[in-house]
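Engineer: In our numbering, the protein residues as written are 3 to 141. Take a look at this one; I'll ask things after.
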């Protein structure tokens with residue numbers, strides 16, 4: 003059986019749009035990120051941490067774009083959800099630059115394919131998503 007790319011894995015049968023799951027506890031940021039990609043990808047958006055795991059399972063996205071909470075205890079809950087799923091898709095984490103415990107920093111690096119620090123340039127986020135999915139962006 004041929005290996006599928008991340009972009010192929012996150013497509014619904016009968017469609018040619020790759021699915022991205024956007025998670026942010028900040029509803030406005032979740033909406034902004036969704037709008038950034040909605041013309042190129044099928045977007046699944048989630049803003050509640052307790053709903054993240056079932057949403058990831060049901061959506062089977064090709065990529066996760068995850069905005070980390072600000073506080074270490076919440077970040078730990080968030081990364082534990084992602085780690086428990088043992089995902090085989092690219093994960094882009096967005097976070098505030100602040101010193102965290104070495105263990106939490108290591109956990110973040112272990113689950114993320116890429117970490118981008120706020121404030122971020124939306125073009126950098128878009129380029130990163132396209133590169134991780136192997137999608138050529140049309141300009």
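Just so you know, even glycine gets a beta-carbon here, dropped at the ideal spot from N, CA and C.
Roughly how many whole angstroms lie between the Cα atoms of residue 135 and residue 65?
Structural biologist: Computed Cα separation, rounded: 7 Å.
Engineer: Threshold first: 3 residues or longer. Then list the beta strand (DSSP E) segments lying entirely within the region 77–134, N to C.
Structural biologist: Counting whole runs of 3 or more residues, the region 77–134 contains the beta strand (DSSP E) stretches 93–98, 116–120.
Engineer: Should residue 7 be labelled buried (16 or more other beta-carbon atoms within 10 Å of its own) or exposed?
Structural biologist: With a pLDDT of 46 at residue 7, under the threshold of 50, the modelled position of this residue cannot be trusted, and the question is left open.
Engineer: Rounded to whole angstroms, how far is the Cβ of residue 61 from the Cβ of residue 21, which I believe are closer than 8 Å?
Structural biologist: With 8 Å as the limit, residue 61 and residue 21 qualify as a contact, their Cβ atoms being about 6 Å apart.
Engineer: Given a cut-off of 8 Å on the beta-carbon distance, is the pair residue 74 and residue 106 in contact?
Structural biologist: In contact: residue 74 and residue 106 (Cβ atoms closer than 8 Å).
Engineer: Is it buried or exposed, residue 98, if we count other Cβ atoms within 10 angstroms and call 16 or more buried?
Structural biologist: Counting Cβ neighbours within 10 Å, residue 98 comes out exposed, since fewer than 16 surround it.
Engineer: On the DSSP letters alone, give me the boundaries of the beta strand (DSSP E) that residue 69 sits inside.
Structural biologist: 65–69 is the span of the beta strand (DSSP E), which, as asked, contains residue 69.
Engineer: On the DSSP bridge list, what partners appear for residue 24?
Structural biologist: Answer is 47, 67, bridged to residue 24.
Engineer: Kindly give me the distance between the Cβ atoms of residue 93 and residue 113, rounded to whole angstroms, as I take these residues to be in contact under 8 Å.
Structural biologist: Confirmed, about 6 Å.
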